[in-house]
Each structure stands twice: as C-alpha cells, then as structure tokens.
Amino acid sequence: MRGSKRNRLATLLARFTLVNLILFLSLLMALGAAGAAETGATPALRVLIDQRSSVDIKVLSGTYQWYDEDLKMLVEPVASTDAWHAAAAGSSIKLEKNGRPLAKAFGGPLLLQALGDGENRIEINGKKYRGSLRLYHLRSQGASNLALINVIDVETYLYGVVGQEIGLNAPEEAMKTQAVVSRTYALQKRERRAQAGDFYDLRDDQGSQVYKGADGESPKVRKAVDDTRGQVITFDGALIEAVFHSNSGGYTEDARWVWNSDVPYLRGVPAPEDKYAEEWGGTAALAYHWRKNLSPADVARKTLSLTGKDPGEVQRLRVAETTASGRVIRLDVVGSRGTVTVERDRVRQLLDAPSTKFTVTDGGASYMVMGYGAEGLRKSALPAGGIYGITAEGQAEMNSDFYVITPDGAGPAPKTPSTASGGSIVLDGYGFGHGVGLSQWGAMGLARDGKGYNDIIEHYYNADRRDGRLRIMNNWGK
C-alpha cells in the first residue's frame, strides 16, 4: 500500500510539474508575443478636437474606464448606459455621472480610456469618435477650460481624415495617395510635437488636417487606408513634411517662395491635371479658376492690420514680382500715403485670396494691343486714370518725360495715379491653397488617367526623378 501511495504521489508531482512547465512556457510565449506586438504597434496620435469649459460624453460601444493619469489610479469603470458631464471648475476637473457629481475633483489629465481591441466608440458633444478621450485642465487669463484630446491610433485616425481632405467620391488611387500623404504628415508632426514637449500632435481642422472622427468615415475611405496600412513617404531616410493643397492652378510651387525654406522634395512641378476640377463642375471648378472683387477701403484696413503700415487711400495694387509658376511673391499696395510692400504667403493673407496665382485688373479695364505672335493676340490691361504709351519694353505709364499736344500747345503728360474703376479691384486667379506639395485635384486627374498612387507621390514630391531618394516605406517607417 505504501509503495502504491508513493507511486501515486510521484505521478501527481510529475503532472503538477508538467502543468507548471506548460504554464511557464505559455507565459513566456505570451510575453514574447506582447513584445513583438509592441515593436510593431500602430503609432498613437493625440488630436486636439476642442477647447471648452464643459463636455458631455457617452459610451456608444466597447469597454471604457476613467483613469486619473496624475495619480496613476482607476477612477471608475464606465457603462454604456451612463451619461457623463465633465467641467473645468477653478483649478480642477469635476465629473458628473447621470447628473450626480462625483465626490472627488481631479487635477488632470483625466483619461476616458478605451480597453481591449473591440469596437470602442464614444460620443463627445453629439459627435462620434473612436479611441480614448484625454481631458486637460487649462487656465488662461482667469478663465478655466478643458482641452479635449482624442487619443487614437494613426490608422483609425485616417478613417476620419482621408474623405474629408480629398472627398468621399475621389478615384481609388487618389484616395490611396491621400492616405499615404496624410499618414506621413501626421507622423512627422507627431515627431516634432514630441520633441517640443507639446500635449497634442495635431488639430482637427485645416491648421493640421480636417478630421471628423467616426462621423467622417465611409467604406471606400476605410479600404484606401487599409490597403496602404503603415505606408509612409521618406526622403533620404527621414519622413517628409507631406504638405498638400487643393489645386495648384496648373503648376505647383517651390516651398522657398512660400515659407522661405528650400526643401528638395517640395519643388514646383507641372500639374495640368488640375483642370480636372473644371470638368467636375459646380463649386469644384472655382478651385481651378476664380475671380475676386476687392474694396480698396478693405485692402487699406487689412494692410495696416497685417503690416502696421498705413497706405492711406488705396489707389491700386501693383504686382512687383512673380515666380516661374506665375505666383505673386511681392505685391505693392499703392496708396495716398505711400507704397506698402507685402511678400510671399502674406500676399494671400492680405487679400484673403484662394491662391497667389493671379493678375490684378479693375472692374472696367481697357486693353492696349501689344502685337500678334505665335500665341495669338497679345494685349495688356490699362488701369484707369493714367496715360500710357508703348515703349521698346512694352506698355509703360507716362511721366513728365513724355509730352502731349493740348489746345495750349505741347506739354508734359500728367502723372495721375491709376485707381480702380468703379471703386473695385479685381483679382483673376488660378488654384486654391498655398500651392506646395501634392495638388489634390491634380492627384485625382492623374488617377483618372490611370496613374497609381506610387506614381502620383513620385511626381509631386520628387518631380518624377525616380532616383531612390524618395521612397514609400512600410511599417510606419520604423
């Protein structure tokens, strides 16, 4: 009997040891898998979606909990049936659950944390978002506010961006182009913000990229994002600053002429496909060709506000310098108190114009025929109020060196300054946006013509050189 008991005990010990060994090995495998998952984890973004004194929140699906990131402690699990209200109060954040205040106030940041990999969605002031919500308490000039940060992985973030930026009906390859460009843009900004120690990476508006959360998604957008998952653009091994705009008006611009920064992958390239916007019709056509009427009085006020210099009564706008693409980089505001010069992207700010690719006329301009060449009839607009002549260099405003015949005999031509006829100044322009990097309408035109997203990106960010410096990398460029 004793021998039998000892044998059974030995068998039990052997089984126990084997079970523990299996559990131990399973734990090691799990840890290894977790480490691998962390290595290839989808990068997270911090998107500033609002700043306000209070916010209403509901969980729509998934599992969430409130977590105090300052004290590193759980506050309370969150049920989908609960309605939450958070408000900035003094130097703290106060929470209400179903209309009842929690006993404790929080210094913040406070995190409504999504748990697990399920379909986690929340409603924030009536708008739907995926991911988590972080609340920061902000105090400025005696006022308390909450900064609302949507913490979300970059791929899910793109679901709410791509369709808002290039349109929900864009061609498939154009949509993939936007997905890769927007992913690169977001992660490059994330790097910069982290280095600066900022509490968010991106805004949800045109200051960064337009982001509408779960409300901005569509099946077509999700497919474009999923088909390019993890793909980013690098130049000489580093993420590019993947800027983009709506329409270049036929030719993109060098970054140096807009932001005074010479970037090798942000150089002007032909974009005749921008005209696709006109074919699309409706308001889209105005992204390619537009006209804008300006009031001289408004121009005077904006000039003073932007430059601190008062031109007096604005008599005309004089284009002083343009780039090879035709964009105005130096504009003279000629007024009764002198001339004020505005340069580069401040030209667009001053005129509130869709782009800086424009010419200036007046509402009732006359034209002087300059000749006829291979391009057809050449003519030049004549601003009202002055006397003009043809010189060897073309049209020129007459000064006291020119003479005219009057009833009293020969005399110097008057030097009357040119003013806008009828009290208006007219801009006749092309393009929409700063003109640097990807043209979205151009990308759609190329996609319609059969180009793939790799080709579109190579064209706009490397002028089709295909020299290997510009590459599309997988795994978020890691």
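In terms of my numbering, the sequence shown opens at residue 74 and continues consecutively. Idealized CB from N, CA, C, for every residue including glycine. Since this is a predicted model, take the numbers as computed values, not measurements.
6 angstroms Cβ shell around residue i - same chain, five flanking residues per side excluded
i, result
"residue 511", "254, 317, 533"
"residue 229", "203"
"residue 367", "498"
"residue 357", "350"
"residue 251", "235, 238, 239"
"residue 264", "none"
"residue 551", "none"
"residue 429", "400, 401, 420, 421"
"residue 132", "151, 153, 195"
"residue 363", "427, 502"
"residue 346", "515, 518, 519"
"residue 391", "405, 407"
"residue 529", "250, 516, 519"
Unbroken alpha helix (DSSP H) run spanning residue i, endpoints
i, result
"residue 216", "Counting along the chain, residue 216 falls outside any alpha helix (DSSP H), though it belongs to the beta strand (DSSP E) covering 216-226."
"residue 421", "419-424"
"residue 301", "No alpha helix (DSSP H) holds residue 301; DSSP gives it neither H nor E."
"residue 279", "Where residue 279 is concerned, there is no enclosing alpha helix (DSSP H), given that its DSSP letter is neither H nor E."
"residue 357", "Per DSSP, residue 357 belongs to no alpha helix (DSSP H) and is neither H nor E."
"residue 57", "Absent from the model: residue 57. The displayed extent of the chain is 74 to 551, so no value can be given."
"residue 254", "245-269"
"residue 350", "349-353"
"residue 535", "526-535"
For residue i, the residue or residues it bridges with in DSSP
i, result
"residue 318", "512"
"residue 392", "404"
"residue 366", "499"
"residue 284", "DSSP output for residue 284 lists no bridge partner at all."
"residue 411", "408"
"residue 194", "134, 203"
"residue 147", "140"
"residue 179", "166"
"residue 324", "343"
"residue 187", "137"
"residue 312", "307"
"residue 416", "403"
"residue 521", "In the DSSP output, where bridge partners are listed per residue, residue 521 has none listed."
"residue 272", "According to DSSP, which records beta bridges pairwise, residue 272 is partnered with nothing at all."
"residue 538", "DSSP lists no partner for residue 538."
"residue 174", "169"
"residue 387", "408"
Residues near residue i by beta carbon distance below 8 angstroms, same chain, minus five either side
i, result
"residue 330", "396, 400, 402, 417"
"residue 552", "As shown, the chain starts at 74 and ends at 551. That puts residue 552 outside it, with no answer to give."
"residue 309", "542"
"residue 297", "235, 245, 248, 249, 251, 252"
"residue 335", "327, 328, 329"
Close beta carbons around residue i, own chain, < 7 angstroms, minus the five adjacent residues each side
i, result
"residue 288", "200, 201"
"residue 319", "360, 505, 506, 513, 514"
"residue 410", "383, 384, 385"
"residue 527", "545"
"residue 344", "321, 323, 324, 325, 512, 515"
"residue 171", "155, 156"
"residue 353", "none"
"residue 118", "225, 227, 230, 259, 263, 274, 275"
"residue 525", "246"
"residue 285", "233, 237"
"residue 181", "143, 166, 208, 209, 210"
"residue 307", "313, 544, 546, 550"
"residue 431", "401, 500, 501, 502"
Boundaries (first-last residue) of the beta strand (DSSP E) holding residue i
i, result
"residue 544", "543-546"
"residue 237", "That residue, residue 237, is in no beta strand (DSSP E); its alpha helix (DSSP H) goes 235-239."
"residue 157", "156-162"
"residue 210", "205-213"
"residue 166", "165-170"
"residue 329", "Looking at the DSSP string, residue 329 is not in any beta strand (DSSP E); the run it does join, the alpha helix (DSSP H), is 329-332."
Any non-hydrogen atom of the ligand GTP closer than 7 angstroms to residue i Cβ
i, result
"residue 326", "Summarising the ligand content, the structure contains no ligands, and the ligand GTP is consequently not present."
Contact with chain C by residue i, beta-carbon distance below 8 angstroms
i, result
"residue 404", "The structure shown has no chain C; it contains just one protein chain."
Could you say if the region 336-349 and the region 312-328 meet the contact criterion of at least three C-beta pairs nearer than 8 angstroms? yes
Pairing CB atoms from the region 215-229 with CB atoms from the region 125-133, are three or more of them under 8 angstroms? yes
At a cut of 8 angstroms, does the region 141-158 reach the region 256-263 through at least three beta carbon pairs? no
Pairs of beta-carbons, one from the region 270-277 and one from the region 528-544, closer than 8 angstroms: are there three or more? Touching, no, given that fewer than three Cβ pairs across the two stretches are closer than 8 angstroms.
At 3 residues or longer, and completely inside the region 113-144: list those beta strand (DSSP E) runs for me, N to C. 117-125, 127-134, 136-141
Report yes or no: do three or more beta-carbon pairs, one from the region 126-141 and one from the region 186-193, lie closer than 8 angstroms? yes
Taking 8 angstroms as the threshold, find out whether the region 287-307 comes into contact with the region 242-249 through three or more Cβ pairs. Yes, the region 287-307 is in contact with the region 242-249.
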